[in-house]
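Take a look at the structure set out below.
There are 2 protein chains.
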Amino acid sequence: MHTEPTTFSAESYFATQPSPQHLQQDVDKVRDFVTKQAKEGRSVVLVTSGGTTVPLELNVVRFLDNFSAGTRGATSAEYFLKAGYAVIFMHRQFSLQPFSRHYSHSTNPFLDFLDIDPPEAAGAIPRISVTPSKRADLLEVLTAYKEVHARGTLHTLTFVTVNDYLWLLRAVSKEMAVLKRRAMFYLAAAVSDFFLPTQKMSEHKIQSGKGNLSIEMDQVPKILKPLVDEWTPGGYIVSFKLETDQDLLLPKARQAIERYGHQVVIGNDLHRRKFEVVFVSKKLVPTLPPGIEQTKEATQQAANSFSEYWLRINLPEHPLPDAPVKEIEEDIVQELVRRHTEWIENTP
Amino acid sequence: MHTEPTTFSAESYFATQPSPQHLQQDVDKVRDFVTKQAKEGRSVVLVTSGGTTVPLELNVVRFLDNFSAGTRGATSAEYFLKAGYAVIFMHRQFSLQPFSRHYSHSTNPFLDFLDIDPPEAAGAIPRISVTPSKRADLLEVLTAYKEVHARGTLHTLTFVTVNDYLWLLRAVSKEMAVLKRRAMFYLAAAVSDFFLPTQKMSEHKIQSGKGNLSIEMDQVPKILKPLVDEWTPGGYIVSFKLETDQDLLLPKARQAIERYGHQVVIGNDLHRRKFEVVFVSKKLVPTLPPGIEQTKEATQQAANSFSEYWLRINLPEHPLPDAPVKEIEEDIVQELVRRHTEWIENTP
Numbered sequence: 000m001h002t003e004p005t006t007f008s009a010e011s012y013f014a015t016q017p018s019p020q021h022l023q024q025d026v027d028k029v030r031d032f033v034t035k036q037a038k039e040g041r042s043v044v045l046v047t048s049g050g051t052t053v054p055l056e057l058n059v060v061r062f063l064d065n066f067s068a069g070t071r072g073a074t075s076a077e078y079f080l081k082a083g084y085a086v087i088f089m090h091r092q093f094s095l096q097p098f099s100r101h102y103s104h105s106t107n108p109f110l111d112f113l114d115i116d117p118p119e120a121a122g123a124i125p126r127i128s129v130t131p132s133k134r135a136d137l138l139e140v141l142t143a144y145k146e147v148h149a150r151g152t153l154h155t156l157t158f159v160t161v162n163d164y165l166w167l168l169r170a171v172s173k174e175m176a177v178l179k180r181r182a183m184f185y186l187a188a189a190v191s192d193f194f195l196p197t198q199k200m201s202e203h204k205i206q207s208g209k210g211n212l213s214i215e216m217d218q219v220p221k222i223l224k225p226l227v228d229e230w231t232p233g234g235y236i237v238s239f240k241l242e243t244d245q246d247l248l249l250p251k252a253r254q255a256i257e258r259y260g261h262q263v264v265i266g267n268d269l270h271r272r273k274f275e276v277v278f279v280s281k282k283l284v285p286t287l288p289p290g291i292e293q294t295k296e297a298t299q300q301a302a303n304s305f306s307e308y309w310l311r312i313n314l315p316e317h318p319l320p321d322a323p324v325k326e327i328e329e330d331i332v333q334e335l336v337r338r339h340t341e342w343i344e345n346t347p
Numbered sequence: 000m001h002t003e004p005t006t007f008s009a010e011s012y013f014a015t016q017p018s019p020q021h022l023q024q025d026v027d028k029v030r031d032f033v034t035k036q037a038k039e040g041r042s043v044v045l046v047t048s049g050g051t052t053v054p055l056e057l058n059v060v061r062f063l064d065n066f067s068a069g070t071r072g073a074t075s076a077e078y079f080l081k082a083g084y085a086v087i088f089m090h091r092q093f094s095l096q097p098f099s100r101h102y103s104h105s106t107n108p109f110l111d112f113l114d115i116d117p118p119e120a121a122g123a124i125p126r127i128s129v130t131p132s133k134r135a136d137l138l139e140v141l142t143a144y145k146e147v148h149a150r151g152t153l154h155t156l157t158f159v160t161v162n163d164y165l166w167l168l169r170a171v172s173k174e175m176a177v178l179k180r181r182a183m184f185y186l187a188a189a190v191s192d193f194f195l196p197t198q199k200m201s202e203h204k205i206q207s208g209k210g211n212l213s214i215e216m217d218q219v220p221k222i223l224k225p226l227v228d229e230w231t232p233g234g235y236i237v238s239f240k241l242e243t244d245q246d247l248l249l250p251k252a253r254q255a256i257e258r259y260g261h262q263v264v265i266g267n268d269l270h271r272r273k274f275e276v277v278f279v280s281k282k283l284v285p286t287l288p289p290g291i292e293q294t295k296e297a298t299q300q301a302a303n304s305f306s307e308y309w310l311r312i313n314l315p316e317h318p319l320p321d322a323p324v325k326e327i328e329e330d331i332v333q334e335l336v337r338r339h340t341e342w343i344e345n346t347p
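As they're listed, the protein sequences go chains R and E.
All the letters of the first sequence, read from the start, carry residue numbers 0 to 347 under numbering that gives the first Met the number 0.
All the letters of the second sequence, read from the start, carry residue numbers 0 to 347 under numbering that gives the first Met the number 0.
What follows is the structure in structure tokens.
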């Protein structure tokens, strides 16, 4: 079956694609969280994290996915919490989460560091405790985790498909609009550029043995534009560009800033993203009065009107096992908090 | 770019697609494990688990995936270990694993049940221990986990792509051939039917904004046939069929048995798989001497020559929170162990 590709605006997308089942419950909880944080005078950052899926069948067996373990988002969320922000952590189901990320079931399984103590009395259930060599590390993570839960500054919600993500992002950003300039958006999720409209999906599992698989997908609408202009005017918006071709990094980042008019694009190369990123923003240039044409120099100036800030950390070439490794997210968050604070203060 | 679909036999697949980087190290470890188990007289089951990916780019950003958390495989592995089998657990990176599966970071995060005890002396690092209400459950899992590790009866290896999976399966099954009838294969992984040959992959991230995405994939070669005939003759092979259309379940399962000549297909419907599966096998019918043509009756008999064994468990409609839930994998493994044992004993 060959169908014509459809071009979706954000508006036509939401008018034709079904909303996720628990959207209203999710939104109600976000509203309570935002109200509490606003009352307590905290800035709130929405951190999106992990990849989105594009189901190919209505009864989902197969889907297209984007590579992302959720490291960037989960790590950054921890540093935002440390910096005093409240965090709405909107992440792909089963992707990494702040705090527990240190104990992946594969690389640092927690069952390995639990000891069964000798029972204190005959017949008593023995105590289980953390093995002494792991105590210090875990204590740090656990203390931070318990503090965040006691303060109530972390709210978690999950998505799976790109459709879940788009509906949630719109709803959550509208809830955050009341925070005005105190709202930050840190859009680190790896969102699919393509999707398959429900109307084109096959109901059952696509059968093999009938030749080869051929999929045609439509483009996901660009939602940064309505996010900036309509859903949450006033928010400080940071988006990410991941490329595998270094040469495309800056042009793509500049294009995004130009097109959507938000505050920062953080560009990163797939293979260098753990130790190098670039912040791309628009420099503030005076607008020409209407009727006056731009001179050649002004055009040149406009082309140079992006600021680029490279952030690099040195990773040890041969790290010692168990030696703490500097995380670039610490510096990314520090720089963003600085910029966000300045931006709040400079608002008339 | 439109290229003609290629049909791959298992042979042409392995001749043209690159082997994964750590294949040899992985195989060496499997060989040691198999040697140890053979010496100690244990039966060994290879459990494959989780979905495989199909990368769309050489620098992987996007991939096709198959729905699977790895619950079936991880749960079954635990019951095989309980039944005295040694288990090679070959699973998708980050999918569920035996034992730790009970403590998913999302549904039962382990940080929630750790208490920081008051320090025993000033300046000492405080002990961290499991909160009393969680002790009994965790003790059971932890005890089983520690026993398995002490005995050395669980070996874990991981795959991500369908290419990793195919190369590993071939290599591991060849290593298991020395076990003869004591080797079981429990192929619960959700393996893609389609793939994109390296030769057709784009090097960099597919750019959006150039119209819609169109992907054409080739069929993954059917590897059950060479597994049965060449790689591990003598092994007891169990494969799975997952369908979303109930009506296709039995025909598809019978077709697989007919085509590949292995021992059991376990058919399951996507929405009923937690409480209902069907074992499909070939009944042993006497072969006609050469030169004698089949009568109509014999043809009819051949059509009826499959045995079907439905396995169902009753799930409580309103389960009590924290009440232990019966897992269908317990019964699946019990039935397979029974069949496997009988099959070993009846071998001339």
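The beta-carbon is built from N, C-alpha and C at its ideal position, and this holds for glycine as well.
Model, not experiment: these values are computed from the prediction.
Check whether the Cβ of residue i lies closer than 9 Å to any Cβ atom in chain R.
i: Val239(E); result: Residue identity check: residue 239(E) is Phe in the sequence provided, not Val. False, the Cβ-Cβ gap to chain R never drops below 9 Å.
i: Thr163(E); result: Here the sequence assigns Asp to residue 163(E), which means Thr is not the residue at that position. So no, Asp163(E) is outside the interface.
i: Ala135(E); result: yes
i: Leu223(E); result: no
i: Thr24(E); result: Note that residue 24(E) is Gln in the sequence shown, not Thr. No - not a single Cβ of chain R is within 9 Å of the one on Gln24(E).
i: Val60(E); result: yes
i: Met0(E); result: Low confidence applies here, because Met0(E) scores a pLDDT of 39, under 50, leaving its location unreliable and the question unanswered by this model.
i: Leu186(E); result: no
i: Thr212(E); result: Position check: residue 212(E) holds Leu in this sequence, whereas Thr was assumed. True, the Cβ-Cβ gap to chain R drops below 9 Å.
i: Glu77(E); result: no
Contact criterion: CB-CB distance below 9 Å. Does residue i meet it with respect to chain E?
i: Gln92(R); result: yes
i: Ala85(R); result: no
i: Tyr349(R); result: There is simply no residue 349(R) to check, as chain R begins at 0 and stops at 347 in what is shown.
i: His270(R); result: yes
i: Glu215(R); result: yes
i: Gln96(R); result: yes
i: Leu113(R); result: yes
i: Thr47(R); result: no
i: Pro108(R); result: yes
i: Asn65(R); result: yes
i: Gly189(R); result: Here residue 189(R) turns out to be Ala, not Gly, going by the sequence shown. Yes, Ala189(R) lies at the interface with chain E (some Cβ there is under 9 Å from its Cβ).
Spatial neighbours of residue i within its chain, please: CB distance less than 6 Å, with the 5 preceding and 5 following residues excluded, ordered by chain position.
i: Glu174(R); result: Val29, Arg30, Val33
i: Val43(R); result: Gln36, Ala85, Leu178, Ala182
i: Val263(E); result: Val237, Phe278, Ser280
i: Tyr308(R); result: Phe278
i: Glu77(E); result: Pro97
i: Asp330(E); result: Leu310
Rounding to the nearest angstrom, what Cα-Cα distance links residue i and residue j in this structure?
i: Tyr164(R); j: Phe158(R); result: 6 Å
i: Val190(E); j: Glu341(R); result: 52 Å
i: Gly266(E); j: Ser280(E); result: 11 Å
i: Pro220(E); j: Ala9(E); result: 5 Å
i: Val60(R); j: Thr70(R); result: 26 Å
i: Gln96(E); j: Ser67(R); result: 20 Å
i: Asp246(R); j: Ala252(R); result: 11 Å
i: Thr155(E); j: Ser105(R); result: 10 Å
i: Gln218(E); j: Thr160(E); result: 15 Å
i: Leu63(R); j: Leu212(E); result: 11 Å
i: Ala123(E); j: Tyr12(E); result: 60 Å
i: Gln24(R); j: Ser18(R); result: 12 Å
i: Leu110(E); j: Asn107(R); result: 14 Å
i: Gln333(E); j: Ala73(E); result: 15 Å
i: Asp116(E); j: Leu138(R); result: 11 Å
i: Glu229(E); j: Asp27(E); result: 20 Å
Nearest CA to the CA of residue i: which residue from the options?
i: Leu314(R); options: Thr243(R), Ala255(R), Arg272(R); result: Arg272(R)
i: Gly49(E); options: Asp27(E), Tyr185(E), Ser172(E), Asp136(E); result: Tyr185(E)
i: Ile343(E); options: His21(E), Leu22(E), Arg41(E), Gln20(E); result: Arg41(E)
What residues in its chain sit with their C-beta under 8 Å from that of residue i, if we drop five residues either side in the sequence?
i: Leu248(R); result: Lys240, Glu242, Gly266, Asn267, Asp268, Val277
i: Gln198(R); result: Thr15
Once you ignore the five residues that flank residue i on each side, which residues in its own chain have a CB closer than 7 Å to its CB?
i: Lys133(E); result: Phe112
i: His261(E); result: Leu223, Val227, Ile236, Ser238
i: Val336(R); result: Ala82
Subject >> Contact set between the segment 120-147 of chain R and chain B, restricted to residues whose Cβ is under 9 Å from the partner >> reply: Absent here is chain B; the protein component of the structure consists of chains R and E.
Original post:
Which residues, in order along the segment 245-277 of chain E, keep a beta-carbon less than 7 Å from a beta-carbon of chain R?
Top reply: Per Cβ criterion, the list reads Leu269.
**OP:** Please list the residues of the segment 307-326 of chain R that have a C-beta atom closer than 9 Å to any C-beta atom in chain E, keeping them in chain order.
**Re:** Within the segment 307-326 of chain R, no residue qualifies.
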